[in-house]
Amino acid sequence: MKEADNLLWNKIKTFELDDPTAPLTFTDRLARENGWSMEYSLKTVCEYKKFMFLLCLAPHPLTPSDQVDQVWHLHLLYTYSYWTLFCQHTIKRAIHHGPTKGGSLEKEQYLDWYIKTKAFYQDIFEQAPPEDIWPSAEKRFKERHFQRVNLSQYWLVKKPQFFNP
Amino acid sequence: MKYLTMLSPAETLLVLRRETTTLNELLKVTLWDLLYKSVLQTLQVSRQPSPQDPPCTFIYIVKGEYFDTYKPLPHEGVFLYPFPTNNGIEILFRHLVKIAYQNAGSRQKFLHLVSQSEQMKTCFSQTKLQKIFGGYSITANGLALEKDLAKELAELEARLPSLLESGKEKVLEIYRQIKGNMLLIQGIESTSLGGLDKQLWEEVQQEQNMPLPASCSGTFSSFDSYSESFDSSCGGDSNGGDSGGDGC
């Protein structure tokens, strides 16, 4: 990593998404809304920061894993933190989030970008992205059946492994 | 003083207060012990997010000097698991407390972990039914240890006022020996000890590089300012509104 890149990575790495005085912090909320443990949520936040750093360096578009995307979505909700503190003051550039427009062409494009993202991650950080947060491209684009569920009105029962390979 | 120097504070609590000790107490003394031993350490960082924002103080827990060489007891893993694979990671104090609660599972499960150490194995036993439904029985070894520990603690508590009068160095020496078990000494948080406990606490902080939030008074009871997270973590997920006043 170049000196300037190192400086930028340190700024992103130490950027704090959590307000320690808030009863419900960013990471608390991330964990609650996704049904994740606090430990896993902190790991995904760390991977989100890496992804943001890669976006600053990459000469081509990148696609996050679904887990990293969830962190990004939530950060976008904290508009002051995202646009002012992170984009304006920390990385000094605006990073917009572009969801897919749908269709098979887009699907192929995102698949290609996701593979490139993981390869770029490996190049920059000199380690493979963790599988539990950056799954294979096949899994990433297969497991996309998400819906917001009101848990006070519905029970969630996990499918047996046979139906959920 | 033999057993207080050998056992972790959670093990001491298990032997002395089997039925009455809470998960909160057990986790609190375990973290304090790990901080005291420099397996973990606190890191206080002041940041100003932007020129328009006031500086904000963050308290993190990071790997301590002895993290890599320390051989953890089974129950200490609840605080240590998040660190090995993430080199150099800084975890907000309150988040680590929540992680520890989640890793501990329940008081019963955590007590089981505490009872799995080499020191504790001979002190507790489980019948087949207890293995299925939970619970354990104290053995003759455990009862003997309970007696010895109670005696050591009572002696220390009785000696403490005179030790404090004769100078803090002697008390600090005891702290160095019994580490986290110092939290279990009844007199240590007593206000009757005057300002000496504050001085001692500052010494311990200096020795162990344990900064406290600026708002804290610096007494032993100020550990509770850290451990408010222990109390709020149990039901912490449900507090607070979702989106504040922005209607998102």
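Heads up: the protein sequence lines correspond to chains W and P, in order. Numbering-wise (the working numbering), the first sequence opens with residue -10 and increments by one. Numbering-wise (the working numbering), the second sequence opens with residue 202 and increments by one. Beta carbons: idealized from backbone N, C-alpha and C, even for Gly.
Requested in this report: Would you mind reading off the limits of the alpha helix (DSSP H) that contains P/L241?
Outcome: Not the alpha helix (DSSP H): P/L241 falls in the beta strand (DSSP E), residues L241 to R248.
Requested in this report: Indicate whether at least one CB of chain W lies closer than 7 Å to the CB of P/P283.
Outcome: yes
Query raised in the report: Which chain W residues are close to P/F259, counting only those with a beta carbon under 7 Å from its beta carbon?
Result: E5 and P9
Query raised in the report: Do P/T221 and P/I379 come within 7 Å of each other at the CB atom, strictly closer than that value?
Result: no
Query raised in the report: chain W partners of P/I292, CB-CB under 7 Å?
Result: L31
Query raised in the report: Can you give the beta carbon distance from P/F294 to P/I333, rounded, assuming they're within the 8 Å contact cut?
Result: In fact, because the Cβ distance is near 37 Å, the residues do not count as touching under 8 Å.
**Report entry** Against chain W: residues of the segment 246 to 258 of chain P by CB proximity under 9 Å
**Finding:** V246, R248, P250, S251, P252, Q253, D254, C257 and T258
Report task. Measure the CB-CB distance between W/P50 and W/W102 and report whether it falls below 7 Å. Result -> yes
Query raised in the report: Does the beta carbon of P/Q303 come closer than 7 Å to any beta carbon on chain W?
Result: yes
Requested in this report: Please confirm if P/D425 has its CB atom under 7 Å from at least one CB of chain W.
Outcome: In this prediction, P/D425 scores a pLDDT of 49, lower than 50, which makes its location untrustworthy; the coordinate-derived value is nonetheless stated afterwards. No, no contact with chain W.
Query - Beta-carbon contacts of P/S323 that lie in its chain and below 7 Å, excluding the five residues immediately before and after - result: Strictly speaking, residue 323 of chain P in this sequence is Thr, with Ser absent from that position. Result list for P/T323: T340 and N342, in chain order.
Report task. Give me the Cα-Cα distance between P/S416 and P/P256, rounded to the nearest whole angstrom. Result -> With a pLDDT of 31 at P/S416, under the threshold of 50, the predicted position of this residue should be treated as unreliable, and no value is reported.
Query - Of the residues W/P12, W/D7 and W/Q59, the one placed nearest W/G24, counting alpha carbons only - result: W/Q59
**Report entry** Rounded straight-line distance, which links the Cα of W/F75 to that of W/T3
**Finding:** 11 Å
Query raised in the report: For the candidate residues W/Q56, W/W72, W/Y143 and W/L(-3), whose alpha-carbon lies nearest to that of W/S30?
Result: W/Q56
Query raised in the report: Rounded to a whole number of angstroms, what is the C-alpha to C-alpha distance between P/M329 and W/F135?
Result: Before going on, a small fix: residue 329 of chain P reads as Lys here, not Met. Spanning the two alpha carbons is a distance of roughly 43 Å.
Requested in this report: Give a yes or no on whether the minimum CB-CB distance between P/H276 and chain W is below 7 Å.
Outcome: no
Query - Supposed contact pair P/P283 and W/E28 - C-beta distance, whole angstroms, cut 8 Å - result: 5 Å
Requested in this report: Measure the CB-CB distance between W/F42 and W/W(-2) and report whether it falls below 7 Å.
Outcome: yes
Query - For W/A126 and P/G419, the rounded distance between their alpha carbons - result: Caution applies to P/G419, whose pLDDT of 33 falls short of 50 and renders its modelled position unreliable; the model cannot decide the point.
Requested in this report: Assign P/L312 to buried or exposed, taking buried as 16 or more other Cβ atoms, counted over all protein chains shown, within 10 Å of its Cβ.
Outcome: buried
Query raised in the report: Nearest-angstrom Cα distance between P/L244 and W/F152?
Result: 47 Å
Query raised in the report: By the criterion of Cβ-Cβ separation under 8 Å, what are the contact partners of P/I300 in chain W?
Result: S26, M27, E28 and L31
Query - Continuous alpha helix (DSSP H) stretch holding P/V298: start and end - result: F294 to A305
Query raised in the report: Contact check, W/D(-6) vs W/L46 under 8 Å by CB: the rounded distance?
Result: 6 Å
Report task. With 7 Å as the threshold, decide whether the Cβ of P/H296 is near any Cβ in chain W. Result -> yes
Report task. Taking all protein chains shown into account, decide if P/Q242 is buried (16 or more other Cβ within 10 angstroms of its Cβ) or exposed. Result -> buried
Query - 3 or more residues per run - each beta strand (DSSP E) lying fully within the segment 20 to 108 of chain W - result: none
Query raised in the report: Nearest-angstrom Cα distance between P/Q352 and W/R137?
Result: Contrary to the premise, residue 352 of chain P reads as Lys rather than Gln in this sequence. Taking the straight line from one Cα to the other gives about 58 Å.
Report task. Would you decide whether P/G395 is buried or exposed? Buried here means 16 or more other CB atoms lie within 10 Å of its CB. Result -> Since pLDDT at P/G395 reaches only 39, below the 50 mark, its modelled position is unreliable, and the value read off the structure follows with that caveat. Exposed, since its Cβ has fewer than 16 Cβ neighbours within 10 Å.
Query raised in the report: W/T73 versus chain P: which residues are under 8 Å apart at the beta carbon?
Result: S251
Report task. Please list the partners that W/H62 has in chain P, where partner means a Cβ-to-Cβ separation under 8 Å. Result -> Going along chain P, no residue has its Cβ under 8 Å from W/H62, so there is no contact; the nearest lies around 12 Å.
Requested in this report: Taking 8 Å as the threshold, find out whether the segment 8 to 18 of chain W comes into contact with the segment 61 to 70 of chain W through three or more Cβ pairs.
Outcome: yes
**Report entry** Residue nearest to P/P273 in terms of C-alpha spacing, selected from P/I300, P/K238 and P/E291
**Finding:** P/K238
**Report entry** Minimum C-alpha distance to P/E277 - residue among P/F259, P/L228 and P/G336
**Finding:** P/L228
Query raised in the report: In chain P, which residues lie with their C-beta within 9 Å of the C-beta of W/H78?
Result: P250, S251 and P252
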